[in-house]
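In my numbering, the protein residues as written are 26 to 168.
Built from N, CA and C at the ideal position, the CB exists for glycine as well.
Quick caveat, the model's predicted, so the values are computed rather than measured.
Only one structure is covered here, and it is reproduced in the block below.
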């Protein structure tokens with residue numbers, strides 16, 4: 026004799042399977058979004074760091090900051106001397122970054138040393154700009 030099942034049981038089984046799939050999707054989708062957001066944050070911070078460094082170079086040449094990104098970009102791109110220096114810097118930087126990466130992966134003490142040097146270098150650049158801005162403020166206030 027054949028086993029009898031309720032009429033709605035197939036519909037309920039399909040509904041349960043669909044709900045399980047929806048539950049799995051609601052768990053996995055936010056993780057993907059969070060990973061994308063972390064990557065976007067890392068990329069944005071890297072871009073802001075590059076803009077900061079370009080702004081510091083601009084400030085060194087003009088003794089003032091620029092207020093527009095297109096002016097900063099044209100300053101970095103247009104000068105042929107700076108273009109040659111930029112090409113040399115990128116080539117040298119790529120080699121240095123690869124060497125530092127290998128060194129940092131192999132030796133924890135080297136990793137700490139590199140992090141300290143990077144922190145000190147950025148701190149010196151900030152102090153130098155604060156000193157320049159303080160001198161500029163003194164000149165303006167004394168007028």
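Euclidean distance between Cα positions of residue i and residue j
| i | j | result |
| --- | --- | --- |
| residue 82 | residue 69 | 20 Å |
| residue 126 | residue 140 | 12 Å |
| residue 90 | residue 74 | 16 Å |
| residue 51 | residue 44 | 10 Å |
| residue 80 | residue 134 | 32 Å |
| residue 77 | residue 64 | 20 Å |
| residue 57 | residue 100 | 39 Å |
| residue 84 | residue 66 | 26 Å |
| residue 55 | residue 46 | 15 Å |
| residue 94 | residue 61 | 26 Å |
| residue 123 | residue 131 | 13 Å |
| residue 102 | residue 142 | 28 Å |
| residue 96 | residue 71 | 20 Å |
| residue 144 | residue 53 | 37 Å |
| residue 199 | residue 39 | Since the first and last residues shown for the chain are 26 and 168, residue 199 lies out of range. |
| residue 87 | residue 98 | 14 Å |
| residue 36 | residue 129 | 59 Å |
| residue 34 | residue 48 | 21 Å |
| residue 138 | residue 92 | 36 Å |
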